[in-house]
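Residue numbers for the sequence shown follow my numbering, so the first one is 32 and each next one is one higher.
All C-beta atoms, glycine included, are put in the ideal place defined by N, C-alpha and C.
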Amino acid sequence: MPIKWSEDDKVFHLFNQRISYLIQIVHGKYPAHLYWGRRVKTLNPASILPIRARTFSPATEPGLSLDTLPQEYPAFGNGDFRTPAYQLRAKDGTTMTEFVYDSHEILKGKRPLEGLPSAYIEEEEEAESLVITMLDAKLGIGLNLQYTIYRDLDVITRSASFEHRGSQEAEIHSCMSMSVDFHHSNWDLLHLHGTWARERQIERQPLISGTQSISSARGASSHQHNPFVALLGKNAAEDTGDVYGISLVYSGNFQASVEVDPFEITRLSMGINPFDFIWLLKPGETFQTPETLMVYSSEGLGGMSRTFHQLLRTRMCRGIYRDKIRPILLNNWEATKFNFTEKKLIELADAAAEVGIELFVLDDGWFGKRNNDKSSLGDWSVNKTKLPSGLKGLAEQVQSKGLKFGLWVEPEMVSPDSELYRRHPDWCLHVPGRNRTLSRNQLVLDLCREEVRDWLVATFTKLFENAPISYVKWDMNRNITEAGSTSLPPIRQKETAHRYMLGLYQILETLTTRFPEILFESCSGGGGRFDPGMLYYMPQTWTSDNTDAAERLKIQYGTSLVYPAVTMGAHVSDVPNHQVDRVTPLEMRCDVAMAANFGLELKIDMLGSEERKTVQQKIAFYHQIKQLVCFGDMYRLLSPFDGMDTAWMYVSEDKGQAAVFYYKILAAPNPPFFRLHLRGLDPKRVYRMNNSKQAFTGDELMKLGVAMPLIKTDFFSKVFYLEAANFSGIFL
Ligand code: DGJ
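Structure, rendered in structure tokens:
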């Protein structure tokens, strides 16, 4: 999996067994994008690079226009009029730059990014990296283009950094993490959009001339757009065709933009949202962009997802829980909201223990005087009226029932009605003399301030030390407004949103390192910050506040495009559902939640004996398939975005076992016969279904499919388990 440099052709070739990425230094100065895709063995760069000037495309050098050259990190102002990858402003107010190739370094392994989450390696042999250094001699600023190729994953990671070696300060007005110029525009753009309770809905549309983009300016990666886009060849589908997926390892404001130029070159770039961002770069300082994960798949969206899943699961998530099955939890939020007593919690814990739940999670409302969402964020001491035994006492009681104890916190926030706010009214993000806009009655703490970060680390260290806490749900329930920090000088005010993220990452790094035994789950009103950056610190995320089984199919399906099932919290809740008032059978609610990181969030003590039995059986079945769901390869079979049917399956690495999930939302009258075609199995092996005597070859299951029953009921679901077995029947 080396990176090769051809001095004669001035070409870098990053490759593994399956993919190639090619960069040429044109005229010894400009890193041009030659190719990214299936592995190539030979190349004549002259044949593919359109090095020519065109009318109204200025000639940067005789015969060469940057306006028509596919580039790796394009500038604005010296010939290229398309979307730039960056813009700097010099001390004299000008924004012209002339970065040209200076040197490069090829190194074994992969370096971490300082202060930022990034994909990692465990052994040097897993990856190789390239740093192309460009220099603007007049500014004395270096620009490092950082690339890594993994040996066993079809992934290129990219980021960039500006290194100031000059003498006069400059401003960075934009700096993308990556930019790629594809050689044609015959693509569809796919992205994941939504809102609170309706996260990560799939949208696919053909590219049009000009610019199309998705972004967040909310101070979080957001419910509205996930930091992910993909370009799909026109014929690309779930299992076939070329797909290029880009995911940003960042939890704050971002932008992904695609521009199709008149010559049908497609420029795709992604990074920190340049809107409302300016970073002051002083001599001696370096600015590092977040990292992008760039996945190429020749096996459609399914292939792309499996690569992302493996990458995020094994080289983004960290800590002792990375490779462990996570405990089945009961969270009290949907059962009680703020309205609970210690006695009530113990009743829930009792009922939870009875059905085989492993972890009891106490959600919002346990601290200060928080009996609703109007107060107390910041006052992280237990409400003794509600919990007379304190957190420690409660946790011990829960533990005595054989359950672990988990706790909800929302550290980044402060309620104006809190002791903390009364003591430190200036500790929140705000602009002096301006309104402080409330959302869910709360303000956001200013994590740019060192004393705020120190206070948070000290406060939560004490909290986590004072009770036997095995799990923490780290919530964040609003977006950022008045993004200003009184700790920053006027010229640095537009750094606030990014400095907030850096501050948060620092706090998370400290606390997760200090408490390696705690399983952290991130949350932002459900999935408002479901991104690779958060997964670096917390290996699972609460997928959505919408727990309706039918809605969840779309949410979990969309989420699965990038994120593996083990990272997706999925809970069974009561009906009528608290978001959509829909009544779905317990069976289906369990089957949907069991397709991810399984838990429950209902009045478990109120379940009738039949329902309890169902839950017990489902838990027992989940134990049988959990390894597959959490760590198997996912194959999506039927999309909820296409109709009433949804199906997906998980296959073990050795293809010896599989778990298949099928759901139908509304039954159709007198329906046609239907066979579900499986994927990812070994065609030669024989699989036993649900431990029964029924056995089928993988070939049969994939080609002929599984005959499904005629469904006469709405909200139907069926889950089955396949295990390769010895077979003495007849092979055709
Ligand atoms: C939003 C979360 O998504 C919910 O699960 C719950 O924890 C509430 N916050 C509590 O305020």
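Which word fits residue i, buried or exposed, when buried means at least 16 other C-beta atoms lie within 10 angstroms of its C-beta?
i, result
"Gly597", "According to the sequence displayed, residue 597 carries Val and not Gly. The residue is buried, with at least 16 neighbouring Cβ atoms inside 10 Å."
"Gln473", "buried"
"Leu741", "exposed"
"Thr416", "exposed"
"Leu697", "exposed"
"Val614", "exposed"
"Arg776", "Nothing can be reported for residue 776, as the shown portion of the chain is limited to 32 through 763."
"Lys544", "The residue you asked about is not Lys; residue 544 is Thr in the sequence shown. By the 10 Å Cβ count, Thr544 comes out exposed."
"Asp185", "buried"
"Ser134", "exposed"
"Gly534", "buried"
"Phe762", "Unreliable placement is indicated for Phe762, whose pLDDT of 48 sits below 50; no coordinate value is reported for it."
"Ser198", "exposed"
"Asp273", "buried"
"Arg583", "buried"
"Asn362", "buried"
"Ser406", "buried"
"Ile180", "buried"
"Ser591", "buried"
"Ile239", "exposed"
"Asn466", "exposed"
"Ala84", "buried"
DSSP state of residue i, grouped into three classes?
i, result
"Glu481", "helix"
"Ser37", "strand"
"Pro521", "helix"
"Met565", "helix"
"Thr323", "strand"
"Phe398", "strand"
"Val614", "coil"
"Asp185", "coil"
"Ile635", "helix"
"Ser336", "helix"
"Lys139", "strand"
"Thr590", "helix"
"Asp676", "strand"
"Pro258", "strand"
"His64", "strand"
"Ala191", "strand"
"Arg453", "helix"
"Ala158", "strand"
"Leu221", "strand"
"Leu487", "helix"
"Ala268", "coil"
"Glu103", "coil"
Pop quiz: residue i and residue j are said to be a contact at Cβ under 8 Å. What is the actual Cβ separation, rounded to whole angstroms?
i, j, result
"Gly729", "Lys715", "7 Å"
"Leu408", "Ser449", "6 Å"
"Gly331", "Glu373", "About 52 Å; that fails the 8 Å criterion."
"Met207", "Met301", "6 Å"
"Gln571", "Asn628", "6 Å"
"Lys504", "Gly437", "7 Å"
"Met532", "Ser282", "6 Å"
"Leu360", "Leu376", "With 8 Å as the limit, Leu360 and Leu376 do not qualify as a contact, their Cβ atoms being about 14 Å apart."
"Glu230", "His254", "5 Å"
Going by DSSP, what residue range makes up the alpha helix (DSSP H) through residue i?
i, result
"Phe652", "Ser640 to Phe662"
"Cys621", "Leu617 to Ala624"
"Ile377", "Glu373 to Val386"
"Ala528", "Thr527 to Arg545"
"Ser604", "No alpha helix (DSSP H) holds Ser604; the beta strand (DSSP E) holding it covers Met599 to Ser604."
"Leu732", "Gly729 to Lys734"
Can the beta-carbon of residue i be found less than 9 Å from the beta-carbon of residue j?
i, j, result
"Lys432", "Ala498", "no"
"Ile500", "Ile549", "yes"
"Leu174", "Gln319", "no"
"Pro595", "Met680", "no"
"Tyr275", "Met209", "no"
"Val660", "Val603", "no"
"Phe764", "Met625", "The chain is shown from 32 up to 763; residue 764 falls before or after that span and cannot be answered."
Which residues mark the beginning and the end of the beta strand (DSSP E) in which residue i is found?
i, result
"Ile511", "Unbroken run through Ile511: none, as it is neither H nor E."
"Ser282", "Element bounds for Ser282: n/a, residue is neither H nor E."
"Thr367", "No beta strand (DSSP E) contains Thr367, which is instead part of the alpha helix (DSSP H) from Trp364 to Thr367."
"Glu427", "Glu427 -> not in any beta strand (DSSP E); alpha helix (DSSP H) instead, spanning Gly421 to Ser431."
Closer than 6 Å between the C-beta and any heavy atom of ligand 3: which residues qualify, listed along the chain? Here the bound small molecules are ligand 1; ligand 3 is not part of this structure.
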